[in-house]
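Trainee: The opening residue of the sequence shown carries number 1 in UniProt numbering; numbering runs sequentially from there.
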Amino acid sequence: MTGGTEDEARQVITGIGVCPGTVVGPVVLMPEAIDEPAPGLRMGPREDHEAQARRVDAAAEQVAGDLQRAADAADGDARDVLEATAAMAADPTLAADARRRVLDEHLVPERAVWEAAEEVVRQFTELGGYFAERARDVADVRDRLVAALTDRPAPGVPEHTEPFVLVAYDLAPSATAALDPARVLAIVTDGAGPTSHTAIVANAKGIPAVVAATGASAALAPEDVVLVDGAAGTVVVHPSPEQVAAARARSQRVRTFDGTGRTRDGHRVQLLANVGDPAGAAAAAASGAEGVGLFRSEFCFLDREQPPTVAEQVAAYRTVFREFGGRKVVIRTLDSGADKPLHFLTVDDEENPALGVRGLRTAARWPELLEQQLDAIAQAAAAEEAEVWVMAPMVSTVGETEWFVERCRAHGLDVAGVMVEVPSAALLSGPILARAAFASIGTNDLTQYTMAADRLLGSLAELSDPWQPAVLRLVEATCAGGAQQGRPVGVCGEAASQPVLAVVLVGLGVSSLSMTARAIPDVAALLREVDVDECRRLARLAVEAESAAEARAVVRENLPVLAELGL
Ligand code: PEP
Ligand code: MG
1 MTGGTEDEAR QVITGIGVCP GTVVGPVVLM PEAIDEPAPG LRMGPREDHE AQARRVDAAA
61 EQVAGDLQRA ADAADGDARD VLEATAAMAA DPTLAADARR RVLDEHLVPE RAVWEAAEEV
121 VRQFTELGGY FAERARDVAD VRDRLVAALT DRPAPGVPEH TEPFVLVAYD LAPSATAALD
181 PARVLAIVTD GAGPTSHTAI VANAKGIPAV VAATGASAAL APEDVVLVDG AAGTVVVHPS
241 PEQVAAARAR SQRVRTFDGT GRTRDGHRVQ LLANVGDPAG AAAAAASGAE GVGLFRSEFC
301 FLDREQPPTV AEQVAAYRTV FREFGGRKVV IRTLDSGADK PLHFLTVDDE ENPALGVRGL
361 RTAARWPELL EQQLDAIAQA AAAEEAEVWV MAPMVSTVGE TEWFVERCRA HGLDVAGVMV
421 EVPSAALLSG PILARAAFAS IGTNDLTQYT MAADRLLGSL AELSDPWQPA VLRLVEATCA
481 GGAQQGRPVG VCGEAASQPV LAVVLVGLGV SSLSMTARAI PDVAALLREV DVDECRRLAR
541 LAVEAESAAE ARAVVRENLP VLAELGL
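Right, dumping it as structure tokens:
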């Protein structure tokens, strides 16, 4: 076979690239999550209960040993976390209680462990503070024990001797946030849409990622070597050296940003960064971003069982504000719900969490948490030099806007705005912006709610596309409300990071674009090539198209400079 024919024969799995970067590495498969063993799962009367009870001890010993070995091989924070979990696994209390449940209640060992762990979680949660935070470690030990007792791989990201490509059916945003970019070269998931929070977190951490790669976790085996192209959205299985070299060359194009976003004729468009946590703020500041257009404050607390104290919040917010002294930082109040529930702020028995008590709606239910957060933001803002703006997520009505703005004012936070993520807010942007100082359009949720397409579903990626003309019309409506009230309207959803779409958004009247810092240079480069009137003309073409594909195609056709810029 010639090299070319061999290349063609190599399996290529296609998904959606959400974080550019080209890497080659061995596959590590993420084990499936451990489900709760059925309640009341008991042994038969003739089973050897003593022997089953001994299995609990053996599993506890195995889990503690595995965790200690993993701790010995790790360093830094990872080592501390693993050591604490190993100590918890070695504590005899949990195993003793589980053993008793096997012997007295005749529960199967995995069910006995589950119930014993639930009891510890309950006690820890009641104790609050430090203990409540440890409740998640107990759940981790429980899952490892159940896995050992049922002959399944231990849950969580497996250990591996060299950096690897993590392949998962799906990953929670909190699991993605815990990944170490030094160990995880890339992420490939079957599920997760391009605007899912998993994709957003991977991007923020700079881990190349391909989502919606249907069938990837079934097609790939541990140790398969793969070439992941996080821009093209492809995964080549056992790539040739030529394929690796070509992909690396493609990814080496480097642009920089001079710190001022504008069109060719000088129309200003602020180019801002989306920031998830204090760690990401330094990288965003170093990229030259003009400020932060979306600080997702909830990302600081994804793993917490208990609400952070005001002091903890002040410390986290100050770290971000400090990086952007003299520049604008738009902090969003806690946005909990759907795929990124905060344990302390989520109603977990809802049938449709994406349509439930989420975003600002949680603040109406737990007003004291909003008060504490606004207090923390005000303290952090007073202590640092950043120009702090505050906004609320998932606002649907004029009344909610009025209430939020009033609460912000009570804390001395005068630049209070809203996110436009729900069609009702886009359509009512006039009266909403008569109350709010600014609006920031969250195109990820606005697309989800306009198209009735779950942003987590890779299979609905065609509908979950901000190029959908219906979504663009709602952006246009929001900007019209902004113009009527003389208020700025920005975009902070993933749409802002697509250079061609950014041109359309500017043409629709958006005055700032906030995105992952990595995307700023490309967006800036294209805007520099287009006059604002041209942006407006292209925006009209997109809004009048009848499909997302037509909108995208017609705008691209009218931008010949794209080829020159390699976009
Ligand atoms: C959005 O919905 O577009 C947005 C920016 O918020 P998030 O992605 O965090 O839901
Ligand atoms: Mg949103």
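All residues carry an ideal CB built from backbone N, CA and C; glycine is no exception.
Predicted model only: the values in this text are computed from it and were never measured.
1. Could you say which of G326, C300, R327 lies nearest to V314 if we only look at CA atoms?
2. Work out the CA separation of R536 and A480 for me, nearest whole Å.
3. Quick test of the definition: if touching needs 3 or more C-beta pairs under 8 angstroms, does the segment 386-399 touch the segment 310-327?
4. Is the distance from the Cβ of L94 to the Cβ of V63 below 8 angstroms?
5. Going by DSSP, what residue range makes up the beta strand (DSSP E) through N274?
6. So, under 8 angstroms CB-CB, Q306 and A132 are touching, yes? Tell me the CB distance rounded to an integer number of Å.
7. Quick one: what's got a C-beta closer than 7 angstroms to D522's C-beta in the same chain, skipping five residues either side?
8. For the beta strand (DSSP E) holding S424, just list the boundary residues, first then last.
9. Can you determine whether any heavy atom of the ligand PEP sits closer than 7 angstroms to the C-beta of T195, and answer yes or no?
10. How would you call Y130, buried or exposed, if buried means at least 16 neighbouring beta carbons within 10 angstroms?
11. Please write down, chain order preserved, every residue whose beta carbon lies under 5 angstroms from a heavy atom of the ligand MG.
12. For V165 versus V201, is the C-beta spacing smaller than 8 angstroms?
13. How about I331: is its Cβ closer than 7 angstroms to a heavy atom in the ligand PEP?
14. Suppose contacts are defined by Cβ-Cβ distances below 8 angstroms. Is V108 in contact with R183 by that definition?
15. Does A545 pass the burial test, meaning 16 or more other C-beta atoms within 10 Å, or should it be called exposed?
16. Measure the C-alpha to C-alpha separation of G288 and N558 and round it to an integer number of angstroms.
17. Considering only DSSP beta bridges, list what I34 is partnered with.
18. Three or more C-beta pairs under 8 angstroms: does that hold for the segment 45-61 against the segment 99-114?
19. Does the segment 481-490 come close enough to the segment 420-436 to have 3 or more Cβ pairs within less than 8 angstroms?
20. Whole angstroms is fine: what's the gap from Y449's alpha carbon to E351's?
21. Between which two residues does the alpha helix (DSSP H) harbouring G399 extend?
22. So E387 is in the beta strand (DSSP E); what residue range does that whole segment cover?
23. Could you tell me whether any Cβ in chain D is nearer than 8 angstroms to the Cβ of T198?
24. Indicate, with yes or no, if the ligand PEP has a heavy atom lying under 7 angstroms from the CB of I200.
25. Are D229 and G15 touching if we call contact CB-CB under 8 angstroms?
26. Do G337 and the ligand PEP come close, with the Cβ less than 7 angstroms from some heavy atom?
27. Looking only at its own chain, which residues have a Cβ that is under 6 angstroms from the Cβ of G276, when we skip the five neighbours before and after it?
28. Is it right to say A549 is buried, meaning 16 or more other beta carbons lie within 10 angstroms of its own, or is it exposed?
29. Indicate whether D66 and A154 have their beta-carbon atoms separated by less than 8 angstroms.
30. Is DSSP giving I520 helix, strand or coil here?
31. Is R296 near the ligand PEP, in the sense that its beta carbon is under 7 angstroms from a heavy atom of that ligand?
32. Tell me, to the nearest whole angstrom, how far the beta carbon of A542 is from that of L472; I am working on the premise that it is less than 8 angstroms.
33. My understanding is that C492 touches G293, with C-beta atoms under 8 angstroms, so please give their C-beta distance in whole angstroms.
34. Cα separation between P239 and L538?
35. Extract the residue ranges of the alpha helix (DSSP H) inside the segment 539-564, only unbroken runs of 4 or more that lie entirely within it.
36. Please report the distance separating the alpha-carbon of H49 from that of Q243.
Mentor: Taking the coordinates as given:
1. C300
2. 13 angstroms
3. yes
4. no
5. 270-275
6. 5 angstroms
7. R255, P499, L567
8. Taken as a continuous stretch (DSSP letters only), S424 belongs to no beta strand (DSSP E), being part of the alpha helix (DSSP H) at 423-427.
9. yes
10. exposed
11. E421, G442, D445
12. no
13. no
14. no
15. buried
16. 30 angstroms
17. According to DSSP, I34 bridges with nothing at all.
18. yes
19. yes
20. 16 angstroms
21. 398-410
22. 387-392
23. No chain D appears in the structure shown, which is made up of a single protein chain.
24. yes
25. no
26. no
27. A204, R296, F299
28. exposed
29. yes
30. helix
31. yes
32. 6 angstroms
33. 5 angstroms
34. 40 angstroms
35. 548-557
36. 58 angstroms
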